[in-house]
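*Asks:* There's a structure below that I have some questions on.
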Amino acid sequence: MRTCGGCSGDVDARFRFCPWCGAPQRLKLVEFFHPHPLVESDQGKALRVSRYLGGEAVLHVRLSVWSDGPAPRAEAAISLDEEEAERLTRFLAEPSTVQSTQA
Ligand SMILES: [Zn+2]
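The numbering used here puts the sequence shown at residues 113 to 215.
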């Protein structure tokens with residue numbers, strides 16, 4: 113357990129946000145996303161999304177493509193401001209209008 117800086121409530125260390133007041137418990141959140149399993153050229157890569165929540169860092173989202181191997185490394189990276197990150201969120205949330213014709 114640790115103490116939330118927002119409300120002083122007890123928060124389990126594995127929580128990213130305080131369940132009582134919603135304050136972020138970390139200044140940087142990172143998630144990795146796997147490539148589509150049927151796109152062969154993307155195997156061995158991962159998309160890393162880092163969300164910087166403040167502190168000394170400016171609020172932004174950083175997207176980077178990582179390749180594995182003996183020394184995993186970022187092949188490319190770009191940072192989005194909050195407005196562009198929200199636009200990306202809306203883009204990904206839109207339902208596909210293309211339906212598969214395969215049964
Ligand atoms: Zn709190």
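Ideal Cβ placement from N, Cα and C applies to all residues, glycine included.
What three-state label does DSSP hand residue 196 in the structure shown?
*Replies:* If DSSP states are grouped into helix, strand and coil, residue 196 belongs with the helices.
*Asks:* Restricting to Cα atoms, I'd like to know which of 201, 137, 159 is closest to residue 176.
*Replies:* It is 159 whose Cα lies nearest to the Cα of residue 176.
*Asks:* May I ask whether a heavy atom of ligand 1 can be found less than 7 angstroms away from the beta carbon of residue 121?
*Replies:* Correct: residue 121 has its Cβ closer than 7 angstroms to ligand 1.
*Asks:* Of the residues 162, 139, 118, which one's Cα is nearest the Cα of residue 173?
*Replies:* Of the listed residues, the one whose Cα sits closest to residue 173 is 162.
*Asks:* Going by CA-CA distance only, name the one from 139, 197, 123 that's closest to residue 132.
*Replies:* Nearest option by C-alpha distance: 123.
*Asks:* Answer with buried or exposed for residue 119, where buried requires no fewer than 16 other C-beta atoms within 10 angstroms of its C-beta.
*Replies:* Classification of residue 119: exposed, given that the 10 Å Cβ count is below 16.
*Asks:* Grab me the residues of residue 113's own chain with a C-beta within less than 8 angstroms of its C-beta, minus the 5 sequence neighbours each way, in chain order.
*Replies:* The residues are 122, 123, 124, 125.
*Asks:* What does the Cβ neighbour count give for residue 155, buried or exposed, with the cut at 16 atoms within 10 Å?
*Replies:* Burial call: exposed.
*Asks:* Tell me the rounded alpha-carbon separation between residue 143 and residue 117.
*Replies:* Those two C-alpha atoms are separated by around 23 angstroms.
*Asks:* Take residue 197 and list the residues in its own chain whose beta-carbon comes closer than 7 angstroms to its own, dropping the five residues that flank it on each side.
*Replies:* Excluding positions up to five away in sequence, the list reads 173.
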